[in-house]
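Below is one structure, written out as structure tokens; comments come after it.
Chains as they are written, first to last, in UniProt numbering: chain B, 1 to 339; chain V, 1 to 265.
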């Protein structure tokens, strides 16, 4: 039906050797990745820590899209709009109302959930590429909405808002960047666990049932309209929290930071990471953050073209993204063990 | 037959009352009525285009009848949206298998229990104690059904790679997971070989007897219907042609004419 389903269905072909389509990493691998993420900042410079923080934040935003597309089978090219709403919620609350930065995160999440849930209502009538276009319109409209005159007092108009970077609490001897990294890490891991729980639960199965066959899902008692809009709400809420963290990390929000380019990047990150495979989100995020830099390193004048070639190579060689690489690695490890 | 049942004094579990469905100018169903009683296997037969599937889709609320009513235990189901049919005890399978291809057998069957359980996204994300308890009881139930239908070996296999016959059994398992009072089976024998049809007939009868269900069987395969149905309704051109025991319907001249054509033609 929708292209998302095709992507997922094809994804399945590649994993036929594995009895059940794994959504997460094994416990061992997860702990290794976690340990690496915890230790890493101690050995690197502040700028790299900042980049790692952005990696976590984009990873979270890609994860949110993965829940929507990989989970419920709905497309979105409008994630930048939810990201912007989250970022502005935090910026406005911190700068105009002196709210603690940590408190702005759940508020941004709730605001974006409402926003996503409401947007999901009209989107119910659309699917596949048509839904992608509707969300595209949302992404295009958002920067202009943020520049509106009557909102300028709150949003700072075209100028945007400067956000104060928080210091490490409890007298911890830690740079602001390092504190923010660990703060983001805790938030991201917390949300990752909640997302895994959700997708493995009754609600998650309802999402995936809708993705695979709406009519059958409905015959089993799944309220298709409700779960589709819930998926939008959840995805928007998580994207909004990523936006909040992004605003704090970058210390600045401006309308033109949240254009359709961001939405497309997140979409790209999801595809590169593997649609429906949650750990792939961080790999996808790494791709959209670091590969443009690599491309620029190869050729300053033709960085866009080099990026295109690299992207093409990835899609051609591993069409199912990081998930496919992980499965290949797993199979290779299995063979080595046998020998 | 209807007279006999009235004499028994039991009210029907499901009553189809004068149901008509019109698509544009085409009358797909024209004033069809029949009753289903508890514990029956009712066979709905008819040549292609007779209106069997249309009637079936009215029961699962995919179509809205233009007139008439469908009563489940005396209450009309026509005001219910499709997703609120499972909760009143009507379960179904699909003609060409409509499973969730990327989910495991186990997860497919667990979705079948959706209408029997409740949860919300916050409790699910936090895996609260009551959600875990509910999942444990669902899993127990699912394992019981998988064992009943001999699907345990493939419990964790993704559905799309399974043979067609197994997929049909998974679909049946999914329908059973909601403990329906009425099981609607849309051409369950379609695509099965002779041997498999025989096994299927046995299985349907066992489900009726052991799990106390009432079965509506829409079927092309005459042999299957005639061997397991207690009561048969024959449709043709959207109208009820005959109703009665399999032997009565088989002997009905109108039914013979509809299937074989009359001598004058």
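Backbone N, C-alpha and C define an ideal beta-carbon position, used for all residues, glycine too.
Everything numeric in this text was worked out from a predicted model, so none of it was measured.
Taking the beta carbon of residue 124(V) as the centre, do at least 16 other beta carbons fall within 10 Å, making it buried, or is it exposed? buried
Short CB-CB distance (under 8 Å) between residue 92(V) and chain D: The displayed structure is made up of protein chains B and V, and chain D is not among them.
Is there a C-beta anywhere in chain V that falls below 8 Å from the one on residue 323(B)? no
Which term fits residue 138(V), buried or exposed, when burial requires 16 or more other beta carbons within 10 angstroms of its beta carbon? buried
Just checking my contact of residue 102(V) with residue 212(B) at CB under 8 Å: how many whole Å lie between their CB atoms? 6 Å
Along the chain, where does the beta strand (DSSP E) containing residue 205(V) start, and where does it finish? No beta strand (DSSP E) contains residue 205(V), which is instead part of the alpha helix (DSSP H) from 194-210.
Using a Cβ-Cβ cut-off of 8 Å, state whether residue 214(V) counts as contacting chain B. no
In whole angstroms, what is the alpha-carbon distance linking residue 31(V) and residue 215(B)? Cα to Cα, residue 31(V) sits roughly 27 Å from residue 215(B).
For residue 64(B) and residue 74(B), which I take to be in contact (beta-carbon distance under 8 Å), what is that distance rounded to the nearest angstrom? No, residue 64(B) and residue 74(B) are not in contact; Cβ-Cβ is about 12 Å, not under 8 Å.
At the level of alpha carbons, what is the spacing between residue 48(B) and residue 57(B)? 14 Å
Under a three-way DSSP split, which group does residue 142(B) fall into? helix
Hey, how far is the Cα of residue 126(V) from the Cα of residue 197(B)? For residue 126(V) and residue 197(B), the distance between alpha carbons rounds to 7 Å.
Can you pull the DSSP bridge partners for residue 135(V)? Paired residues: none, contrary to the question.
Separation of residue 282(B) from residue 189(B), as counted between CA atoms: Here the alpha carbons of residue 282(B) and residue 189(B) stand approximately 11 Å from one another.
For residue 203(B), which residues of its own chain have a beta-carbon under 8 Å away from its beta-carbon, when the five flanking residues on both sides are left out? 227 and 230
What residues of chain B sit near residue 117(V), judged by a beta carbon separation below 8 Å? 202
Proximal residues, the region 119-131 of chain V versus chain B, C-beta separation under 8 Å: 119, 120, 121, 124, 125, 126, 127 and 131
Consider the C-beta atom of residue 166(V) and the heavy atoms of the ligand SAM; say whether any pair is separated by less than 7 Å. Among the components of this structure there are no ligands whatsoever, and the ligand SAM is therefore not found.
Helix, strand or coil, according to DSSP, for residue 239(V) in the structure here? Residue 239(V) falls in the strand class under three-state DSSP.
Measuring alpha carbon to alpha carbon, tell me which of 109(V), 215(V), 97(V) and 174(V) ends up nearest residue 163(V). 97(V)
For residue 242(B), which residues of its own chain have a beta-carbon under 8 Å away from its beta-carbon, when the five flanking residues on both sides are left out? Contacts found: 57, 58, 60, 61, 64, 83 and 86.
Spatial distance of residue 161(B) from residue 288(B) (CA atoms): Those two C-alpha atoms are separated by around 25 Å.
Can you pull the chain B neighbours of residue 112(V), defined as C-beta to C-beta under 7 Å? 220
Enumerate in chain order the residues of its own chain whose CB-to-CB distance from residue 252(V) is below 8 Å, with the five nearest sequence positions on each side excluded. 234, 241, 242 and 244
Classify residue 94(B) as helix, strand or coil using the three-state DSSP reduction. helix
Using a Cβ distance threshold of 8 Å, determine whether the region 165-177 of chain V contacts the region 112-124 of chain V, with at least three qualifying pairs required. yes
Nearest-angstrom Cα distance between residue 185(B) and residue 171(B)? 20 Å
Positions along the region 223-253 of chain B whose CB lies within less than 7 Å of some CB in chain V: 223, 224, 230 and 234
DSSP on residue 178(V), reduced to helix/strand/coil? In this structure, residue 178(V) counts as coil in the three-state DSSP scheme.
Helix, strand or coil for residue 244(B)? Go by DSSP, reduced to three states. In this structure, DSSP gives residue 244(B) a helical state, which the three-state scheme calls helix.
How many angstroms separate the CA atom of residue 132(B) from the CA atom of residue 270(B)? 15 Å
Check whether residue 216(V) and residue 225(V) have beta carbons under 8 Å apart: no
Where residue 68(B) meets chain V, residues with beta-carbon distance less than 8 Å: Correct list: empty, because the minimum Cβ distance to chain V is about 13 Å.
Please classify residue 117(V): does DSSP put it in a helix, a strand, or coil? coil
Start-end ranges of the alpha helix (DSSP H) lying completely within the region 20-58 of chain B, minimum 4 residues: For secondary structure counted as the alpha helix (DSSP H) over 4 or more consecutive residues, the region 20-58 of chain B holds these complete runs in sequence order: 27-39.
Please list, in chain order, all residues of the same chain as residue 264(B) whose beta carbon is under 6 Å from its beta carbon, the five residues on each side excluded. none
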